[in-house]
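> Position one of the sequence shown corresponds to residue 97 (our numbering), numbered consecutively onward.
Using N, Cα and C, we set each Cβ at its ideal position, and we do this for glycine too.
Below is one structure. I have some questions about it.
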Amino acid sequence: MTRRTIPSTDKVLKALGLPELPRALVVTEVRRELELVRRSLSGEPAGRSQAGGEVDPDPDFDAVVARVRSRLENLCRSRLQPVINATGVIIHTNLGRAPLGPAVAAALDAVAQQYSNLEFDLNTGNRGSRGLYVEHCLAQLCGAGAATVVNNCAAALVLMLRHFTQGDRKEVVISRGELVQIGGGFRIPDILETSGAILREVGTTNRTDADDYARALSPQTALILKVHRSNFFMGGFVESPGTADIAAVARRRRVPFIEDLGSGAVIRTGDLGLADPEPTPAGILKQGVDLVCFSGDKLLGGPQAGIIAGRTRFVGALKRDPFFRALRCDKLILAALQTTVESCLEATSSKEPGPLAWALIRTPVGELRRRAEQLRAALAESPLESRISRATARIGGGTLPRTGIESITLDLKPSALPVVGLAAQLRDGNPPVIGHLAGGWLRLDLRTVLPEQDEKLAAAVRSAVPPHRPPCFTGTVNLGTTDERG
Ligand SMILES: *Cc1c(COP(=O)(O)O)cnc(C)c1O
């Protein structure tokens, strides 16, 4: 190819076929590639590749098309899309945390397609208040005077910290043992600082008692904060005072006391079949905490949201804070949360299963084994070795890090390509399937695979290991990593 024979954008577009992306994006990629070729043929520096090095693009027409196609495929894979979660991590932060299920999807569909009474009071015909009904349900679920909702639990924390430190009192008293990092980029000390609060640490990393809190209180104290350690736990010589003891100190000294519960188990974890206890918002509020906050998309099993529940006077003041407006939820979130919270309420008073995430946690292991056997039979003709193993699934999302859930994996070892190649092929499938590698097997944990996905899973594996595949998988494979800490 010479400068004169650089192909037209149209010619490359034709050769590409019809990628499933907006044409404007495709055209931009083609033009960018042709510009690189033009520069390299005229001896100009070709510019920087994405990796940062100088590139001299191969000007061959097929190579041009192949490079554009590869970039478009990468772009396409970055579109938000459904995946099959075969990791066994139920609240997988990288995979969208709680799956919402059909009842919530139907509610979303209805509210998305039409107008709604988001801020319109159908009783009076006047302007209404956003989220009134879901707040009512949440207050009941948490045994609280009142409740409200913001974008996520981090936002709930920032709102409360800003609100209670906006006057002269700036100090937030917190145990040194709770100055933790919860998941990606969420550090309690940083959140405090951005909120304009002054950190007042008490106790030591492993031991804090109620007197430590009492001694730290001063006329500068804005509030006492207790934070669930989530994905972090300590053993050995450890002591922290119970919520009730701190609440007694807070009450005596008239200081607001807030507890960040993180995952928000609104039913007893024992009722989900989990061995380790997790404080419920209702239980914590009963011990004298003024306000609690927790996530909507962890153990509650709903959409991303931050729930604040507790004393009516405080919740009302938070809702009147001008900053609340910047954190308010969209109608789709409120619709999804409303359906989730209704199903939580149903589950607490009947045999209803509750949100989909609860059903996944409670699926009997025998049921998982039966499905694994079915899947294995469906793959009998495929060129791979398979076996069924016992496994330990996890809650994830920083919730109950020590708690394992008995589970079953379907393990695969393809005959004609390395197991990492199979993992890559499955990740590249439609829908993508995400499992994990262990001991030379690709393990697919059925605890997090929805039963209605079984057929698609089998089809994905079948097309990932076609019999005619070359005997050796070549090329570099980006196995990727996931980080489900929170
Ligand atoms: C997960 C978690 C958060 C953050 O919740 P988001 O809803 O993701 O913002 C805050 N605090 C604790 C203790 C958590 O576990």
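Exposed or buried, S104, counting other C-beta atoms within 10 Å across all chains shown (16 or more means buried)?
Here residue 104 refers to the residue found at position 8 of the sequence shown. Classification for S104: exposed.
> Tell me the start and end of each unbroken beta strand (DSSP E) in the stretch 325-410 that is at least 3 residues and wholly inside, in chain order.
DSSP runs (the beta strand (DSSP E)) wholly in the stretch 325-410: 353-358, 387-391, 402-406.
> Would you check whether ligand 1 has a heavy atom nearer than 8 Å to the C-beta of H188?
Your numbering for residue 188 matches position 92 in the sequence shown. No - ligand 1 has no heavy atom lying nearer than 8 Å to the Cβ of H188.
> Let me know if P562 comes out buried or exposed under the rule of 16 or more other beta-carbons within 10 Å of its beta-carbon.
In the sequence shown, counting from the first residue as 1, residue 562 sits at position 466. That one is exposed.
> For ligand 1, which residues count as neighbours when the test is a C-beta closer than 5 Å to any heavy atom?
In chain order, the hits are N248, C249, A250, I278, H324, S326, D356, G358, S391, G494, G582.
> Roughly how many whole angstroms lie between the Cα atoms of L471 and Q209?
Taking the first residue of the sequence shown as 1, we reach residue 471 at position 375. Taking the first residue of the sequence shown as 1, we reach residue 209 at position 113. Spanning the two alpha carbons is a distance of roughly 37 Å.
> Is the CB-CB distance between P399 and G392 below 9 Å?
As a position in the sequence shown, residue 399 is number 303, starting the count at 1. As a position in the sequence shown, residue 392 is number 296, starting the count at 1. Yes.
> On the CB-based measure, 16 or more other CB atoms within 10 Å of its CB, does K110 come out buried or exposed?
The residue labelled residue 110 in the question sits at position 14 within the sequence shown. K110 is exposed by the Cβ-count criterion.
> Just list the residues that DSSP pairs D541 with in beta bridges.
Indexing the sequence shown from 1 puts residue 541 at position 445. Paired residues: T505.
> In three-state terms, what does DSSP make of I180?
Locating residue 180 in the sequence shown gives position 84, counting from the first residue. Of the three classes helix, strand and coil, the one that applies to I180 here is strand, per DSSP.
> Classify G273 as helix, strand or coil using the three-state DSSP reduction.
Walking along the sequence shown from the start, residue 273 turns up at place 177. Here G273 sits in helix by DSSP.
> Would you call the stretch 484-496 and the stretch 182-198 in contact, with 3 or more CB pairs under 8 Å?
Short answer: they touch.
> Note down, in chain order, each residue of its chain lying with its Cβ closer than 6 Å to the Cβ of G292, except the 5 sequence neighbours on either side.
The residue labelled residue 292 in the question sits at position 196 within the sequence shown. Around G292: T261.
> By DSSP's criteria, G500 is part of a beta bridge. Which residues make up the other side?
One-based indexing of the sequence shown puts residue 500 at position 404. Paired residues: R490.
> Does the pairing of the stretch 427-442 with the stretch 269-281 give three or more beta-carbon distances under 8 Å?
Taking 8 Å as the limit for Cβ pairs, the verdict is that the stretch 269-281 does not touch the stretch 427-442.
> Sort out for me which residues DSSP pairs F63 with in a bridge.
Outside the shown range of the chain, which is 97 to 582, sits residue 63, and nothing can be said about it.
> Using the Cα positions of E129 and V160, report the straight-line distance between them to the nearest angstrom.
In the sequence shown, the residue the question calls residue 129 occupies position 33. In the sequence shown, the residue the question calls residue 160 occupies position 64. If I take the Cα positions, the gap works out to 7 Å.
> Could you pull the DSSP bridge partners for P510 from this structure?
Along the sequence shown, one-based indexing puts residue 510 at 414. According to DSSP, which records beta bridges pairwise, P510 is partnered with L480.
> Taking K415 as the reference, give the member of G227, T98, I530 with the closest Cα.
In the sequence shown, counting from the first residue as 1, residue 415 sits at position 319. The shortest C-alpha separation from K415 is found at G227.
> If we call anything under 9 Å between Cβ atoms a contact, is A596 one with A199?
Past the boundaries of the shown model lies residue 596; the chain is included only from 97 to 582, so the question cannot be answered.
> Where does D313 fall in DSSP's three states?
The sequence position of residue 313 within the sequence shown is 217, counting from 1. The identity of residue 313 in the sequence shown is Leu, whereas the question assumes Asp. If DSSP states are grouped into helix, strand and coil, L313 belongs with coil.
> Can you tell me whether DSSP reads I186 as helix, strand or coil?
Here residue 186 is taken as the residue at index 90 of the sequence shown, counted from 1. In this structure, I186 counts as coil in the three-state DSSP scheme.
> What separation, rounded to the nearest whole angstrom, lies between the Cα atoms of W537 and I530?
Along the sequence shown, read from residue 1 onward, the residue named residue 537 stands at position 441. Along the sequence shown, read from residue 1 onward, the residue named residue 530 stands at position 434. Going by the C-alpha atoms only, they are around 13 Å apart.
> Where does D308 land, buried or exposed, given buried means 16+ other C-beta within 10 angstroms?
Here residue 308 corresponds to residue number 212 of the sequence shown, with the count starting at 1. So D308 counts as buried.
> On a Cα-Cα basis, can you pick out the residue from V254, I102, V123, A162 that is closest to D417?
Indexing the sequence shown from 1 puts residue 417 at position 321. Closest by alpha carbon: V254.
> Buried or exposed for C389, please, with buried defined as at least 16 other CB atoms from any protein chain shown within 10 angstroms of its CB.
The count along the sequence shown starts at 1 and reaches residue 389 at position 293. Label assigned to C389: buried.
> Among residues of its own chain, excluding the 5 on either side of N248, which ones have a beta-carbon nearer than 7 Å to its beta-carbon?
On the sequence shown, residue 248 is found 152 positions in, with the first residue counted as 1. So the list reads S391, Q400, A401, G402, once near-sequence residues are dropped.
> Do you know whose CA, among P315, T304, K322, lies nearest L288's CA?
Residue 288 sits at position 192 when you count from the first residue of the sequence shown. Ranking the options by Cα distance to L288, first place goes to K322.
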